[in-house]
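Protein chains in written order, with full-length UniProt numbering: chain A, 1 to 278; chain B, 1 to 278; chain C, 1 to 278; chain D, 1 to 278; chain E, 1 to 278; chain F, 1 to 278. Quick reminder that beta carbons are idealized off the backbone N, C-alpha and C, glycines included. Small disclaimer: the values here were computed from a predicted structure and weren't measured.
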């Protein structure tokens with residue numbers, strides 16, 4: 001399958017499957033998919049565009065080559081943004097805006113309308129943990145390992161790990177240990193603590209299964225899927241009562257959809273429904 | 001044990017145990033406990049009444065017949081509320097109020113003063129997941145399975161699953177997979193991810209154990225138990241510091257209770273305490 | 001190793017390791033480390049002081065003698081604070097302030113700048129659960145057991161368990177069961193649910209490993225470690241977007257640290273970095 | 001105009017105007033409209049019912065007789081609820097539920113779908129301030145005066161004044177002075193600080209104007225009016241960005257209403273529109 | 001003064017004053033500055049660009065021609081976005097995204113780094129109230145009047161008025177009356193309630209004074225001004241304690257600025273300081 | 001009246017009036033009460049101590065000598081805290097802790113149990129605005145003026161003005177103008193916008209009236225007054241519904257006070273009540 005003409009990026013490869021699934025690959029295999037400024041911007045632009053593409057109903061993200069990603073590219077000097085300013089306040093202001101841009105690229109996975117399955121093999125290093133926790137569903141190969149590496153670089157993770165990791169796994173104690181020590185967590189432990197919800201022998205099997213799951217999601221009512229993701233995100237960040245109130249307002253419109261009678265019909269007749277795009 | 005004369009409902013069976021335990025059964029076994037409008041209203045009314053009944057100190061909820069519940073009753077057309085309105089805004093307004101009523105019935109388990117143990121066997125389908133996550137403690141039989149079915153009906157769950165499921169299990173990745181795909185989760189996985197905290201060979205064993213746990217709870221100080229539930233709910237929805245502050249104010253009155261000297265006495269003498277009702 | 005002259009308390013033993021690790025021991029072994037008013041105050045004062053001591057980079061907390069702690073010391077009558085007031089409102093006001101003081105002692109573990117590893121053996125009773133959940137990382141011996149005992153004393157836990165326990169383990173159902181029933185949870189279950197993240201055969205092995213982990217943390221950039229703890233605490237209590245915004249502002253200053261070039265240099269040369277104290 | 005057969009209460013008089021305006025009068029003139037338990041319950045029931053009555057589009061609340069209200073009725077002993085309990089905790093629990101019931105009666109003005117104009121003359125005493133601040137718009141006669149009287153009864157206001165008064169007037173300094181001293185604030189100052197937004201020579205003029213304003217409101221699109229009230233309440237209690245997000249979701253359905261083309265048509269043709277009820 | 005070559009828009013005129021002040025004019029005078037889709041997009045793009053332009057330190061917004069703006073342009077059919085969709089849910093989804101885009105244009109005034117002074121003459125109609133409340137400072141001529149017109153169009157304001165109006169004026173009662181009745185508020189009342197903080201005889205005087213104030217702001221330390229705006233916005237939407245904490249972190253970097261010694265020097269020597277751009 | 005032996009500070013003068021009123025004076029008249037590090041610490045310590053002194057029921061704060069205060073003392077170099085650190089991150093960390101200490105001194109007025117009346121004459125400069133907005137009630141002489149001076153020092157106010165000023169006055173537009181321009185606001189405008197709630201010809205008259213008001217407050221039930229202040233602070237920072245819930249819990253204990261029957265008795269017999277201290 002060749003890459004999509006509509007989604008051309010220097011550091012990402014995007015395949016569009018006819019079932020409405022986009023498969024995005026981190027594509028700097030010679031650099032072990034090290035994340036440089038250009039790749040961050042590609043992620044931001046690509047996921048923002050996919051999020052508005054009504055032909056896309058689910059997304060898989062994986063890494064080309066030997067490893068998911070080796071983390072930040074130290075050959076790229078974009079962490080030094082603003083260093084030229086002689087005034088500390090101005091330097092801080094520049095850095096703050098730079099961090100927010102970086103955060104917005106990682107959060108693009110979370111903000112995009114469709115579910116994102118992140119399928120990871122071998123090293124998931126440093127900023128890769130920020131990236132994957134912004135996805136919806138995480139799969140890993142049995143040789144995958146996860147490392148909150150920032151502490152070893154002299155900084156606290158600032159593009160998502162500290163916010164999302166403790167909310168996606170079942171042990172605050174473990175989350176903190178990983179962040180403070182920078183140790184590797186291997187696939188077994190990642191599965192047990194819920195960081196990844198499936199574990200595979202090979203990358204090929206994982207990609208196949210991720211695409212299969214994505215296609216199942218793509219076959220569902222887009223009103224139902226997009227609403228579910230949006231409301232899950234909202235509810236994570238609000239009290240139960242606030243989540244319920246927002247959901248009632250949201251669904252007051254969405255329950256008028258034609259997808260419900262279509263779905264009920266499909267359920268009754270055991271024939272698959274075909275849904276219009278959103 | 002016959003049903004309680006005080007708690008008579010068309011679709012629920014309520015047994016009051018002398019130890020202060022109410023056992024509520026979903027009781028439409030011929031319809032596999034499918035949830036129709038009348039049953040929703042029964043749940044709302046019943047749990048609101050139980051919550052104010054000072055003779056009741058713990059509640060068990062289970063399903064009569066072959067299955068916990070098969071989910072929404074599609075023969076009931078209450079989802080179509082407001083469809084007659086020709087104006088979309090008025091229809092939306094009616095639907096919104098209808099959803100809020102439905103939510104309030106599910107939340108009645110959470111809002112009622114006493115802990116609710118939900119004991120589930122076989123199918124826990126669709127709205128049943130909304131229902132059970134509003135309880136305090138969940139048990140399941142080894143043949144139980146859990147299905148966030150709404151996606152297959154063309155809608156996002158709107159009466160509690162999206163708010164509570166990710167907060168009661170230890171894996172956000174798994175919660176999202178279940179919501180987007182509508183797949184069955186079987187008892188083992190439900191136990192491992194923490195949705196249910198005990199697993200039983202048979203329904204009978206489960207009910208027996210649930211009642212036993214409920215009776216243990218009912219034997220404790222009602223001041224302690226009711227306070228714990230209220231404060232757990234409050235603290236889930238607030239920051240740690242806000243939870244602590246509220247708790248300090250709450251307990252400033254509650255620590256003056258006679259139950260504390262009674263409990264200390266019981267602890268010292270190894271004789272069970274008898275507590276007045278709340 | 002003898003106790004630190006700088007940190008002398010009646011009920012705590014503090015050892016300062018040259019690597020920048022403080023080892024704090026609950027030290028009322030004859031009373032099974034029962035927690036009385038003086039010990040609460042010692043905890044408050046000690047952890048507040050350690051949190052400001054820039055020579056300290058990580059802390060281990062354990063219990064001297066046969067058990068971590070047997071919980072509240074009933075021989076101490078400090079729970080009866082304010083009982084002398086004849087007016088209920090004045091009594092409540094006194095109690096409220098007393099609870100807040102008690103809470104502030106437990107929260108001193110959370111508020112102190114450095115990570116705290118709580119290493120527990122045998123009984124972790126009642127208020128000990130409040131205490132340990134305020135730490136960052138929890139380890140336990142295989143003979144350790146955890147009991148939210150308050151319900152059996154006629155009260156709801158009011159110094160942290162209800163706020164933190166459900167946020168540190170992966171099952172709300174389990175957290176509630178423990179709080180309502182007061183039952184013992186043994187080491188295996190505590191490990192599985194994520195309350196403790198490592199399990200050890202003996203207390204000696206546990207302390208050794210806890211100190212080793214603490215020394216690893218102490219060897220990292222203090223800017224990175226202290227920032228990570230602060231931001232993890234902040235992010236737990238805020239939405240993801242609020243956590244990200246706060247982190248961007250925080251790191252706008254912190255990313256100007258000399259620790260980053262030092263760390264990168266160390267990474268490149270494979271030689272350990274030496275960081276100044278904070 | 002005689003009272004409405006549909007809305008009969010012992011302590012309230014309700015007139016339904018044909019334009020869709022309900023005029024509710026506190027009706028214990030011989031007791032200077034002193035607020036007793038029965039009147040609180042009447043307010044709760046009446047405003048809840050009006051809020052669901054689609055024939056009603058705006059509400060005016062005033063007091064029959066010589067004064068708006070003289071505050072709590074001390075001949076009624078409902079403040080002593082729960083006093084019989086010998087256990088302090090149980091008494092506190094009873095009182096807490098009683099306060100919540102009282103609060104829900106005051107909040108019924110805020111929660112009811114339609115705008116409520118509170119028109120006040122002469123004394124607006126104690127709980128009357130709680131009551132009027134839960135309304136949308138406040139008018140007063142030039143002889144009206146406003147007294148946060150609770151401090152002189154030995155308690156802090158607990159049914160709304162402390163929450164709403166500082167949010168409805170433009171001076172926190174003034175709000176606090178009123179609450180701490182219990183002094184009278186006269187009509188001029190009430191107007192200047194924004195508690196009331198119009199001031200009238202006589203009660204008759206005030207009622208006439210309040211009804212006129214209510215009829216103007218009743219002549220507007222009910223979709224627009226009910227939405228505005230709901231969204232104003234929501235936005236008061238949330239950040240600007242959260243208010244905007246909620247509003248976007250709400251209006252995504254409401255903007256499909258037939259009332260918009262009707263309104264535009266009316267605007268173009270200068271002929272009044274007739275809107276269906278909600 | 002001719003318009004800036006850097007800031008060219010179809011519906012806006014932008015003058016850059018050498019002191020670092022941008023003067024933006026709504027520029028559809030023949031259509032009374034009626035707001036159509038193109039103008040909304042121009043506002044969004046222009047204020048976003050100005051916000052990142054470090055040569056700009058303060059902004060004035062006014063309207064060219066006879067009136068500030070006559071509100072929404074009904075000849076433009078952009079309110080009908082999504083009407084073509086036959087499915088109600090899909091239409092709602094399109095509308096929601098459209099409202100969010102519109103909101104983001106109004107909020108661009110609030111989100112841009114520099115203070116925005118909105119100077120208004122004659123009619124400030126409908127969406128103009130949403131627009132001006134997103135500014136920092138509001139001035140008006142004595143012939144200006146302010147109308148929350150949406151209710152007369154059959155809808156609730158959804159691009160800022162309901163969120164910001166009650167927070168910028170000192171009377172909730174008045175804010176609600178304006179929203180429910182759609183009546184005009186004239187300059188005197190607007191000044192008294194705090195919507196505008198200065199009142200002028202003529203548009204010319206107002207523009208002159210607004211530019212003068214803008215130049216004063218532009219002469220101050222940009223670190224101080226930009227920080228103040230950012231922190232005022234943040235603090236409006238958070239509790240006092242959260243606002244303080246965020247401010248402490250923000251200023252921990254900003255207090256290292258060279259602008260402070262420069263300012264102190266200027267203060268001591270009574271000579272104006274010259275600050276570098278941000 | 002001589003100063004209290006119990007409250008001796010280098011930079012504050014404290015008089016204890018027998019009615020339970022503490023009068024605190026900023027006491028560096030030769031330096032125009034310029035605020036240096038020692039004075040900040042005195043404020044922190046003094047108000048914290050007064051807040052716990054049950055003999056004190058109300059507090060007045062004023063300035064000795066010619067002016068309330070001339071703002072920060074530039075001869076004191078405490079703003080330069082941490083400057084010696086060569087590492088920017090470490091310097092930022094030191095500064096952040098220093099700002100938090102400064103904030104805690106200003107907030108001591110807000111956190112202390114009793115109401116604080118701030119009585120101001122002549123210059124209220126810079127940090128004085130932070131200070132006075134943390135009080136409960138503000139009075140001013142007709143020659144007083146208020147200046148948010150920080151912008152002219154090259155920084156954003158960071159110890160309270162940005163958080164509290166917009167919440168205590170009725171015009172956001174005015175608050176921002178003051179912060180961005182650093183202009184003086186004179187007594188008239190301060191009164192009109194609600195910053196001060198009374199205005200006096202002379203300092204003597206103001207102090208007399210402030211003490212009179214304080215004595216009125218001191219004559220009320222301390223349960224009522226302390227509760228009102230605490231609940232006003234809480235409610236300012238929470239939604240109306242959260243404020244109500246917290247208040248219900250708080251008052252469930254406080255309504256059991258003997259002060260209520262005492263107050264009712266006093267009201268009936270028209271004889272003043274005598275209340276025990278808290």
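Residues of the region 162-182 of chain F that bring their beta carbon within less than 8 Å of a beta carbon in chain E comprise 162, 163, 164, 166, 167, 169, 170, 171, 172, 173, 174, 175, 176, 177, 179, 180, 181 and 182, in sequence order.
At a cut-off of 7 Å, the C-beta of residue 92 of chain F has a neighbouring C-beta in chain E. In the three-state reduction of the DSSP assignment, residue 150 of chain B falls in the helix class, which pools H, G and I.
Contact between the region 59-69 of chain B and the region 15-26 of chain B is present: 3 or more CB-CB pairs across the two stretches fall below 8 Å. The beta carbon of residue 240 of chain C sits no closer than 7 Å to any beta carbon of chain B. By the CB criterion at 7 Å, residue 159 of chain D and residue 102 of chain D fall inside the cutoff.
The C-beta distance from residue 239 of chain C to residue 237 of chain A rounds to 3 Å, short enough to fall under 8 Å. Judged by DSSP secondary structure, residue 138 of chain F falls within the beta strand (DSSP E) whose first and last residues are 137-141. Per DSSP, residue 228 of chain F is one residue of the alpha helix (DSSP H) stretching across 222-236. Under DSSP, residue 69 of chain E takes part in a beta bridge, and its partners are E:124. Neighbours of residue 95 of chain A across chain C, judged by C-beta separation under 7 Å: 252 and 255. Not a single C-beta of chain A is nearer than 7 Å to the C-beta of residue 185 of chain B.
Setting aside the 5 residues that flank it on each side, residue 9 of chain C is surrounded in the same chain by 42 and 46, each with a C-beta closer than 7 Å to its C-beta; the list follows chain order. Interface residue (Cβ-Cβ distance to chain C less than 7 Å): residue 237 of chain A is classified as such. Around the beta carbon of residue 268 of chain D, fewer than 16 other beta carbons lie within 10 angstroms, which makes this residue exposed. In this model, residue 130 of chain C and residue 274 of chain A are separated by some 53 Å (Cα to Cα). A Cβ-Cβ separation of about 5 Å places residue 19 of chain F in contact with residue 218 of chain F under the 8 Å criterion. Your pair residue 254 of chain D and residue 227 of chain D checks out as a contact, with CB atoms roughly 5 Å apart and the cut at 8 Å. DSSP places residue 210 of chain E inside the alpha helix (DSSP H), whose first and last residues are 203-218. Relative to the Cα of residue 151 of chain D, the nearest Cα in the group F:153, F:220, F:35 and F:211 belongs to F:220. Against chain D, a Cβ distance below 7 Å from residue 231 of chain F picks out 156 and 162.
CA-CA distance, residue 278 of chain C to residue 93 of chain F, rounds to 8 Å. In the structure shown, residue 36 of chain C falls within a coil segment according to DSSP collapsed to helix, strand and coil. Selection E:144, E:213, E:125 and E:172 evaluated against residue 196 of chain E yields E:144 as nearest (Cα-Cα). Taking the beta carbon of residue 37 of chain F as reference, no residue of chain E falls within 8 Å; the closest one sits roughly 15 Å away.
The alpha-carbon separation between residue 120 of chain F and residue 139 of chain F amounts to approximately 6 Å. For residue 55 of chain D, no chain B residue has a Cβ inside 8 Å of its Cβ, as the nearest lies near 14 Å away.
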